[in-house]
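Just so we're aligned, residue 0 is where the sequence shown starts under numbering that gives the first Met the number 0, counting upward by one.
See below for the structure under consideration.
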Amino acid sequence: MGHSGERPLLLALLILAVCQGRIVKIPTRDLVRVEGTELVIPCNVSDYDGPSEQNFDWSFSSSGTRFVEIVSTWEAAFTAQPYRERLQRGEIQLRRIGNDAVELHVKNLQTTDQGQYKCSTPSTDATVQGNYDDTVQVRVLADALQVSSKSQPASSLRLRDGDSFELHCSASSASLEHTHLSVTWELHRGPARQKILSLTHENRFYPGPQYESRYQSGDLRLDTSGEDVYRLSVSRVLPVDQGTYKCVVSEWIGEKGKWQEIQEKSVDVATVTIQPIEPLFDVLLNASKVPEYLDDPTELECQITDVRNTDANVRFTVSWYYRMDLRSDEVVTDELLAAMDGDWTLRFGERSRQRVQNGEIIFFKEDRARFIFRIQRTSEGDRGNYYCVVSAWTRQRNKSWLKSKEVVSKPVNIFWISEDSVLLVKARKAKPFFAAGNTFEMTCKVSSEHIKTPRYSVLVTAEKPAADPFSPNETKSIISLDQDSVVKLENWTDEARADGVVLEKVQEDEFRYRMYQTQVSDAGLYRCVVTAWSPVGGNLWKEAGTSLSNPIQIDFQTTGPIFNVSVHSDTPTVYRGDLIKLFCIISLEGAALDPDDMSFDVSWFAVHSFAMDKPAVLLSSLDRKGVVNKARRTWKSDLSLEKISVLEFLLQVHGSEDQDFGNYFCAVIPWIKSTTGSWQRETEIRSKPIFVTVKMDVLNAFKYPLLIGVSLSTIIGLISCLIGYCSSHWCCKKEVQETRRERRRLMSMEMD
């Protein structure tokens with residue numbers, strides 16, 4: 000029965016996007032299968048770059064002429080009536096394995112399924128650009144393979160180490176076709192299975208990967224007893240030989256020089272139990288070093304105890320495993336850290352390979368019965384359970400070593416309490432009150448918890464009011480002492496008092512800061528910033544925490560004069576090139592001072608904008624000893640700064656330019672001589688700004704350009720006149736004469 004009716008609009012839309020030049024291909028031309036087995040036929044489209052998924056149709060013909068629709072990837076109504084029930088039962092399935100490939104699965108093959116199967120892709124191309132279908136011939140043979148064992152159910156064998164045993168499997172085929180059999184003996188232990196020994200359909204023997212040495216030594220054999228019986232012989236059994244033995248038989252047929260496996264059957268032959276008698280031993284794992292903190296070492300010792308039934312032909316190796324701590328509902332996974340083979344070769348797992356190369360993890364054998372695993376610096380990722388597996392290896396007759404027994408230790412959990420580190424610093428001053436010129440002393444006491452063998456570094460800071468009352472306070476670093484007791488001056492810029500500050504360690508957790516001959520400018524809040532460091536091996540240190548002490552205030556109560564400063568100028572507006580004069584005037588309030596008992600550091604600043612929205616630029620400074628420093632300038636105007644009286648200082652800008660406009664102010668640091676004869680630095684004061692304007696002299700600016708313009712215009716006019724005269728006199732002379740002659744003729748005609 001064929002499919003009738005027009006295909007839906009979806010087909011037309013799909014085939015419009017199909018590329019040209021495609022080839023539908025089934026990888027094989029002929030298939031042979033046995034009745035009752037499953038048929039799988041793949042089909043794909045090569046050189047396909049069309050829609051995301053290509054559509055396929057499958058049809059069947061028993062005679063090779065008329066094809067019946069089986070199944071389609073895109074149209075459910077495509078299936079013909081004879082196949083609909085099998086499709087609903089799941090005996091026929093179409094599985095997509097890619098955008099351009101599918102597989103047709105036909106389960107429980109019947110003799111009526113023999114014939115041609117065609118795979119095609121729908122297309123309405125005007126011209127054919129490739130092959131749009133392909134076919135394969137399928138033959139279905141009757142099931143004639145018989146596989147059995149002597150005992151049903153499977154027999155049970157209880158053996159001891161070193162015993163021998165034989166197993167028999169019967170396999171024959173009554174097929175009318177010329178078929179061959181292959182026999183494989185397998186060992187099953189739970190879900191795991193191992194190939195022991197195979198006799199292929201081409202009469203070749205192949206031992207499994209773990210049985211090659213025993214096959215070469217003759218302890219493992221496979222031969223035939225009669226025509227249909229296949230015998231497996233095992234000599235000198237080992238504990239690893241325990242499990243269920245299965246005989247797996249495959250039937251093969253040769254078609255056009257190629258072999259096809261047409262079916263496979265298996266049977267359980269025997270269950271073998273091995274009672275061990277080579278070595279007997281126990282394994283004990285203990286932690287000889289347990290970390291208390293991060294980066295502490297961890298050391299595990301795997302010891303073999305109660306060893307019995309061993310001789311010179313037995314040796315022991317160890318494997319180390321790690322198991323992460325997981326919640327009860329998560330799957331526990333074991334990771335191999337290191338494994339030692341029978342020839343003492345050490346192999347490393349992915350988790351430990353790089354760390355072993357870096358020397359962070361060490362594996363070694365202490366003696367014949369003790370193995371050591373050491374982590375030099377334990378990290379957070381090393382938390383978890385560890386266990387060791389000791390393997391006993393027995394020497395074979397061919398001098399090779401074969402694993403005969405394994406014993407797993409109980410796990411050891413590596414864990415330490417991770418509590419947050421605590422670091423506290425308390426500061427106190429030695430004297431409650433002191434005056435300017437005296438020594439200031441501050442002691443900082445440190446306490447810590449959950450920090451491994453800490454060492455401390457200390458930084459002394461001072462918080463002082465900013466020069467601008469609207470700006471936040473400024474914090475400066477004065478002096479520091481690192482964890483190796485190395486002292487360093489930080490932002491202590493007063494060279495005259497370079498030896499005036501001292502920071503020393505009194506005890507491991509106590510530090511003392513001294514400042515000699517204090518000045519009024521030293522007023523502020525003083526603190527200790529303490530950082531705790533923990534060793535991480537060698538001479539390396541790791542920061543474990545930082546804490547700030549309570550502030551200690553230095554405040555001087557003085558009854559001396561109060562200084563004020565202002566800026567004045569008689570020429571706030573000048574023309575370019577003129578001289579700008581700015582006066583910085585200091586005034587006193589309160590007690591009068593002798594001029595010899597006071598001195599000043601004066602600095603001039605400018606903000607080159609109409610508002611104070613740009614940073615101030617230092618112009619020039621004059622210290623209390625009369626030394627003048629000028630800042631570098633990028634334009635031609637020059638500066639001079641001089642002291643004109645005890646309380647007045649003059650800044651002059653020579654040859655002013657346009658760039659010199661802006662807000663100018665001065666900053667003054669007063670110095671007062673104390674009764675002890677020492678000079679005390681007062682707090683810096685700043686004046687209000689004064690705005691200076693630099694104008695351009697228009698007359699002078701345009702005088703020379705105007706003279707030059709008039710002169711050039713006059714010269715160009717004279718030259719133009721000269722050129723015109725010459726042209727009219729020489730070049731146009733003939734034309735003028737003719738014109739005059741014509742006029743005379745006209746006059747004579749008029750007279751006539």
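Idealized CB from N, CA, C, for every residue including glycine.
| Check | Outcome |
| --- | --- |
| Residue 408: buried (16+ other C-beta within 10 angstroms of its C-beta) or exposed? | buried |
| Taking the C-alpha atoms as reference points, what is the distance between residue 299 and residue 345? | 17 Å |
| Drop a sphere of 10 angstroms on the beta-carbon of residue 518, count the other beta-carbons inside from all chains shown, and report buried for 16 or more, exposed for fewer. | buried |
| With DSSP as the reference, please indicate the residues paired to residue 757 in a beta bridge. | This structure gives no information on residue 757, because the portion of the chain shown stretches from 0 to 751. |
| How is residue 133 classed by DSSP in three states: helix, strand or coil? | strand |
| Going by the CB atoms, is the gap between residue 32 and residue 139 shorter than 7 Å? | yes |
| What number of angstroms, rounded off, separates the C-alpha of residue 609 from the C-alpha of residue 690? | 8 Å |
| Check this for me: beta carbons of residue 143 and residue 174, under 7 Å apart or not? | yes |
| Can you tell me which residues form a DSSP beta bridge with residue 653? | 637 |
| Using the C-alpha atoms, what's the distance from residue 645 back to residue 594? | 7 Å |
| Applying the criterion that 16 or more other CB atoms from any shown protein chain within 10 Å of the CB defines a buried residue, is residue 339 buried or exposed? | buried |
| How do the segment 273-287 and the segment 194-207 stand: do at least 3 beta-carbon pairs fall below 8 Å, yes or no? | no |
| What does the alpha-carbon distance come out to for the pair residue 541 and residue 514? | 31 Å |
| Under 8 Å, with one C-beta from each stretch per pair, do the segment 147-155 and the segment 261-271 reach the 3-pair mark? | yes |
| From 163, 660, 218, 160, pick the residue whose C-alpha is nearest to that of residue 397; which is it? | 218 |
| CA-CA distance, residue 431 and residue 475? | 23 Å |
| What runs of the beta strand (DSSP E), each 3 residues or longer, lie entirely inside the segment 576-602? | 579-588 |
| Tell me which residue opens and which closes the alpha helix (DSSP H) that residue 86 is part of. | 80-88 |
| Taking only the alpha-carbon atoms, compute the straight-line gap between residue 422 and residue 455 and give it to the nearest angstrom. | 10 Å |
| In angstroms with no decimal places, state the Cα-to-Cα distance between residue 573 and residue 688. | 17 Å |
| Is any heavy atom in the ligand HEM found nearer than 6 Å to the beta carbon of residue 87? | Summarising the ligand content, the structure contains no ligands, and the ligand HEM is consequently not present. |
| Could you name the residues of the same chain whose beta carbon sits closer than 6 Å to that of residue 420, not counting the 5 residues immediately before and after it, in chain order? | 449, 450, 543, 544 |
| Taking residue 212 as part of the alpha helix (DSSP H), name the residues at either end of that continuous run. | 211-216 |
| Under a Cβ-count criterion, where at least 16 other Cβ atoms within 10 Å of its own Cβ denotes burial, should residue 611 be classed as buried or exposed? | exposed |
| Quick check: is the beta carbon of residue 190 nearer than 7 Å to any beta carbon in chain B? | No chain B appears in the structure shown, which is made up of a single protein chain. |
| In chain order, what residues of the same chain have a beta carbon less than 6 Å from the beta carbon of residue 9, not counting five sequence neighbours either side? | Its pLDDT being 39, under 50, residue 9 is placed unreliably in this model, and the value from its coordinates should be taken loosely. The answer is none, since no qualifying residue turns up. |
| Going by CA-CA distance only, name the one from 403, 293, 183 that's closest to residue 380. | 293 |
| Whole angstroms is fine: what's the gap from residue 51's alpha carbon to residue 82's? | 28 Å |
| What is the rounded straight-line gap between the Cα of residue 321 and the Cα of residue 332? | 9 Å |
| If we count Cβ pairs, one from each stretch, closer than 8 Å, do we get three or more for the segment 659-678 versus the segment 600-609? | yes |
| Measuring alpha carbon to alpha carbon, tell me which residue in 551, 549, 588 is nearest residue 560. | 588 |
| From the DSSP output, which residues share a beta bridge with residue 169? | 147, 228 |
| Report all residues from its chain with a CB closer than 7 Å to the CB of residue 283; omit the five preceding and five following residues, and keep chain order. | 302, 304, 408 |
| Terminal residues of the continuous alpha helix (DSSP H) containing residue 262? | Taken as a continuous stretch (DSSP letters only), residue 262 belongs to no alpha helix (DSSP H), being part of the beta strand (DSSP E) at 257-274. |
| Write down every uninterrupted run of the alpha helix (DSSP H) in the segment 357-406 whose length is 4 residues or greater and which is fully enclosed by it, in chain order. | none |
| Have a look at 44, 712, 620 and flag the residue whose alpha-carbon is nearest the alpha-carbon of residue 628. | 620 |
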